[in-house]
Amino acid sequence: MSAVPVLETRGLGRRFGGLQAVSDVSFSVPAGQVLGVIGPNGAGKSTFINLVTGHTKPSEGRVLIDGKDLTGARPWVIAQAGVARTFQIVKPFRGMSVRENVAVGILYGSNGTNVMSKALKAAEEVLEEVGMAGLGDRPPGELSVADARRLEFAKALALRPRLLLLDEVMAGLRHTEIEPSLELIRKLKARGITIIVVEHVMKAILAVSDQVLVLHQGKVLTSGDPRDVLSDPRVIEAYLGHRYVKRREGES
Amino acid sequence: MSTLTKMPQQGLISTLRGDRAKRLGPWALGLVALLAALGLQGQLYSGQERTVATIFMFVALAQAWNLIGGFAGYASFGQVVFFGVGGYFTAVAMSHWHFSFWMSLLLSGFVAALFAVIIGIPLLRLKGHYFAIATLGVAEGMREVVTNLTDLTGGGAGITVPTVGNNATTAYLGNDGFYLLFLGLAVLSVIVGGLVARNKFGYALRAINQDEDAAAALGINTTRMKVLTFALSGFITGLVGASYAFQQVTIFPERLFDVDITVLMIIMVVIGGSGTVLGPLLGAVALQFLSEFLRQNFTNLHTFILGAIIIVAVVLLPQGAVNYMREARRTKEFSLLANVRKYRL
């Protein structure tokens, strides 16, 4: 009957000294779905991604990928299990061309190659896919903000992931630049890749998510259908404060 | 539409073809340099032969440092420890255990590599200055350990490798022999550097150098890569130390663990261009040649002038000569002042 979810977390939490950055996050993402994760600044969204991808070790709880317990596994183990991520602050490898940046992911991914020329060729295909054809020879330092974010995307795709975690890939982009990213997410979804989108751009979350998870002060505030979640008074309060909600209630 | 999608592919194929020339060119050039070095030997008198052998020694040391410090970006300030460990292993093995030099040489490489693994596992968790200081501490500490193991190492009085009489396990190689030995080590180190630079391994090291989190997120086992690189770097440095010990016959802890040797490796790599193969090669040859030239022509002022030249080079070319030339050729911006401005913090 129901298939094993691509990602499942059980009571996931992380403390930094006295700060409980994430606590008791339990949910699962079925294969092929797009999950939007939202929450105000400091809600624990990035920590959550770090916990899933092994960049931060959980203080408590479990992370299951394809039903396999990978709690606390090192990042490269997670990456080779088919989980790719982007970073909120772009992390290009300077001193390599854009094409070589992507080739690194192909060389070390789960079905990687040892042949440089093959990797470079495959990298070119990934670049075309994300709309960066012709930029392969550039050093990453010369890219525009939008292209630098697209490069993050391309590096993650180079792993040929089954689960993709996007940490604010649309932050700082103009409206016209957001549309191609959304298009790309839809295309990847159609190909069967499960995607978790962490984003501040609500329009983007609404446009692509099948489910939305709201984090607030490290805890799951609510989750479910995107439209229901975004009209939930608790979510509005988390973002805009309780006085705003009260005023609106008074008006209606 | 179809022409549009084909264009980038054609571009790629021509880049790949260009890559083949780029791939084989340096090896051909290296072969020519090797033949030149072999031909040169007959033209030198013995003092010059020793000087050139020292240049080769520093080429190998600089290439070895470049693996961990240049490619991976872990500036080892205690690199001389592998030189010392290799040198002392060979001296002890030849004089106490009567090993042949060749056997001792090979084992010295492995002992130095093993030492690199043992100190690398904890130390490679540190970054930047912390790693530099920790490695420096290990090297200084090892010098004290070796000085105090008097029974084995002779302590501060030094240890002498038997080169004559019944105790000599391998005949002394002489100037001709050491010239070839150090040339061989230089060639080995350049080949290792060349292979690392162009292969999967080198891309992982450059990725680690730039951003370890991003490298790990792409499936690179950063811990394993760093330890392996440190071991490889230690292996080559250990071989050089072993050869140096045999050449010197009598060795002392102060010389074999001399921090100046580490500093020279670093300067050579930085001036030549770290993270490249040509850089450490050029840096070692240029600095060693310049140093010798100045010593012969300006006996009293030679270190002063050498120091001044190093300062000017580091200020004007912070990324090293080879990297500067590459960038300048790409951007057509040759001004040194613009270069300084580009690298200011």
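Sequences listed follow chains A and B, in order.
Residue numbering for the first sequence follows my numbering, starting at 1 and increasing by one per position.
Residue numbering for the second sequence follows my numbering, starting at 1001 and increasing by one per position.
Backbone N, C-alpha and C fix where the C-beta goes; we use that ideal spot for every residue, glycine too.
Measure the beta-carbon distance from residue i to residue j and round it to whole angstroms, keeping in mind my assumption that it falls under 8 Å.
{"i": "Val197(A)", "j": "Gly36(A)", "result": "5 Å"}
{"i": "Val1145(B)", "j": "Ile1119(B)", "result": "In fact, because the Cβ distance is near 13 Å, the residues do not count as touching under 8 Å."}
{"i": "Pro1280(B)", "j": "Gln1063(B)", "result": "5 Å"}
{"i": "Leu1085(B)", "j": "Val1285(B)", "result": "The sequence shown places Val at residue 1085(B), rather than the Leu named in the question. Val1085(B) to Val1285(B), Cβ: 26 Å. No contact."}
{"i": "Met1225(B)", "j": "Leu1205(B)", "result": "7 Å"}
{"i": "Val104(A)", "j": "Phe93(A)", "result": "7 Å"}
{"i": "Leu1294(B)", "j": "Ile1310(B)", "result": "So it is not a contact: roughly 12 Å between Cβ atoms."}
{"i": "Thr1090(B)", "j": "Phe1246(B)", "result": "6 Å"}
{"i": "Ala1113(B)", "j": "Ala1231(B)", "result": "4 Å"}
{"i": "Gln1288(B)", "j": "Ile1055(B)", "result": "4 Å"}
{"i": "Arg99(A)", "j": "Leu127(A)", "result": "7 Å"}
{"i": "Ala171(A)", "j": "His216(A)", "result": "Their Cβ separation, rounded to whole angstroms, is 19 Å, which puts Ala171(A) and His216(A) out of contact at 8 Å."}
Which of the three DSSP states is assigned to residue i in this structure?
{"i": "His1302(B)", "result": "helix"}
{"i": "Arg247(A)", "result": "helix"}
{"i": "Thr1262(B)", "result": "helix"}
{"i": "Ala1211(B)", "result": "It should be pointed out that residue 1211(B) corresponds to Asp in this sequence rather than to Ala. Looking at Asp1211(B) - three-state DSSP - the assignment turns out to be coil, as it is neither helix nor strand."}
{"i": "Thr9(A)", "result": "strand"}
{"i": "Gly1273(B)", "result": "coil"}
{"i": "Val63(A)", "result": "strand"}
{"i": "Ile1220(B)", "result": "coil"}
{"i": "Thr56(A)", "result": "coil"}
{"i": "Asp167(A)", "result": "strand"}
{"i": "Met1325(B)", "result": "helix"}
So, is the C-beta of residue i closer than 9 Å to a C-beta in chain D?
{"i": "Gln1048(B)", "result": "In summary, chain D is missing from the structure at hand, where the protein chains are A and B."}
Based on Cα-Cα distance, which residue from the options lies nearest to residue i?
{"i": "Gly224(A)", "options": "Asp69(A), Val29(A), Phe16(A)", "result": "Val29(A)"}
{"i": "Val4(A)", "options": "Leu215(A), Asp66(A), Gly141(A), Val22(A)", "result": "Asp66(A)"}
{"i": "Glu1254(B)", "options": "Ala1134(B), Val1092(B), Thr1147(B), Gly1039(B)", "result": "Thr1147(B)"}
{"i": "Arg260(A)", "options": "Ala103(A), Gln88(A), Leu7(A), Ser231(A)", "result": "Residue coverage of chain A in this structure runs from 1 to 252, which leaves residue 260(A) outside it and unanswerable."}
{"i": "Tyr1130(B)", "options": "Ile1121(B), Leu1024(B), Ala1075(B)", "result": "Ala1075(B)"}
{"i": "Ala1321(B)", "options": "Leu1306(B), Ile1305(B), Val1269(B)", "result": "Val1269(B)"}
{"i": "Val1259(B)", "options": "His1096(B), Asp1176(B), Ile1133(B), Val1277(B)", "result": "Ile1133(B)"}
{"i": "Ile49(A)", "options": "Gly109(A), Ala21(A), Gln33(A)", "result": "Ala21(A)"}
{"i": "Leu1228(B)", "options": "Leu1044(B), Leu1067(B), Gly1030(B), Gly1039(B)", "result": "Leu1067(B)"}
{"i": "Phe1115(B)", "options": "Ile1310(B), Ala1245(B), Leu1301(B), Thr1237(B)", "result": "Thr1237(B)"}
{"i": "Ala258(A)", "options": "Ala156(A), Leu173(A), Arg160(A)", "result": "One cannot answer for residue 258(A) here, as it falls past the ends of chain A, which runs 1 to 252."}
{"i": "Gly1155(B)", "options": "Met1142(B), Gly1039(B), Ser1104(B)", "result": "Met1142(B)"}
{"i": "Leu1061(B)", "options": "His1096(B), Ala1091(B), Gly1283(B)", "result": "Gly1283(B)"}
{"i": "Gln1041(B)", "options": "Phe1182(B), Ser1189(B), Thr1153(B), Leu1337(B)", "result": "Phe1182(B)"}
{"i": "Ile23(A)", "options": "Lys91(A), Arg10(A), His175(A)", "result": "In the sequence as displayed, the identity of residue 23(A) is Ser instead of Ile. Ranking the options by Cα distance to Ser23(A), first place goes to Arg10(A)."}
{"i": "Ser1108(B)", "options": "Gly1087(B), Leu1123(B), His1098(B), Val1117(B)", "result": "Gly1087(B)"}
{"i": "Lys189(A)", "options": "Ala123(A), Thr176(A), Ala207(A), Gly44(A)", "result": "Ala207(A)"}
{"i": "Gly1356(B)", "options": "Leu1316(B), Val1081(B), Ala1113(B), Leu1185(B)", "result": "In the structure displayed, chain B extends from 1001 to 1345; residue 1356(B) sits before or after that span and is not available."}
{"i": "Leu1278(B)", "options": "Arg1198(B), Thr1160(B), Leu1173(B), Phe1089(B)", "result": "Arg1198(B)"}
{"i": "Ala43(A)", "options": "Leu19(A), Ala31(A), Gly32(A), Glu60(A)", "result": "Leu19(A)"}
{"i": "Asp210(A)", "options": "Lys219(A), His200(A), Leu221(A), Asp228(A)", "result": "Asp228(A)"}
{"i": "Tyr1172(B)", "options": "Asn1209(B), Gly1025(B), Ser1100(B)", "result": "Ser1100(B)"}
{"i": "Glu179(A)", "options": "Leu165(A), Ile205(A), Arg162(A), Leu159(A)", "result": "Ile205(A)"}
{"i": "Gln1319(B)", "options": "Ala1157(B), Leu1029(B), Thr1276(B)", "result": "Thr1276(B)"}
{"i": "Ala1037(B)", "options": "Gln1288(B), Gly1307(B), Tyr1179(B)", "result": "Tyr1179(B)"}
{"i": "Val1314(B)", "options": "Leu1336(B), Arg1330(B), Gly1025(B), Asn1300(B)", "result": "Leu1336(B)"}
{"i": "Leu157(A)", "options": "Thr176(A), Val212(A), Thr194(A), Arg14(A)", "result": "Thr194(A)"}
{"i": "Leu107(A)", "options": "Leu1029(B), Thr1153(B), Tyr1203(B), Gly1069(B)", "result": "Tyr1203(B)"}
Can you name the residues of chain B whose CB is closer than 7 Å to the CB of residue i?
{"i": "Lys91(A)", "result": "Asp1211, Asp1213, Ala1214"}
{"i": "Asn114(A)", "result": "Lys1200"}
{"i": "Pro75(A)", "result": "Ala1216, Ala1217"}
In chain A, which residues lie with their C-beta within 9 Å of the C-beta of residue i?
{"i": "Gly1275(B)", "result": "Gly95"}
How would you list, in chain order, the residues of chain B whose beta-carbon sits under 8 Å from the beta-carbon of residue i?
{"i": "Gln80(A)", "result": "Gly1219"}
{"i": "Leu107(A)", "result": "Lys1200, Tyr1203, Ala1204"}
{"i": "Ala103(A)", "result": "Tyr1203"}
{"i": "Thr53(A)", "result": "Ala1217"}
Give the residues of chain B in contact with residue i, contact being defined as C-beta atoms less than 9 Å apart.
{"i": "Glu100(A)", "result": "Tyr1203, Arg1206"}
{"i": "Lys155(A)", "result": "Ala1214, Ala1217, Leu1218"}
{"i": "Phe87(A)", "result": "Asp1211, Asp1213, Ala1214, Ala1217"}
{"i": "Val145(A)", "result": "Those within 9 Å of Val145(A) in chain B number zero; the least Cβ separation is about 18 Å."}
{"i": "Val63(A)", "result": "The contacting residues do not exist; Val63(A) stays about 15 Å from chain B at best."}
{"i": "Leu159(A)", "result": "Ala1217, Leu1218, Gly1219"}
Mind pulling the beta strand (DSSP E) runs of 3 or more residues that sit fully within the stretch 68–115 of chain A? 83–85
Contained beta strand (DSSP E) runs [length at least 3] in the stretch 13–49 of chain A, N- to C-terminal order: Runs found: 19–29, 34–38.
Any beta strand (DSSP E) of 3 or more consecutive residues that is wholly inside the stretch 1136–1209 of chain B: none
Could you name each continuous beta strand (DSSP E) segment of 3 residues or more that falls completely within the stretch 174–233 of chain A, going from the start of the chain to the end? 194–198, 211–216, 219–224
Start-end ranges of the alpha helix (DSSP H) lying completely within the stretch 1030–1072 of chain B, minimum 4 residues: 1046–1065
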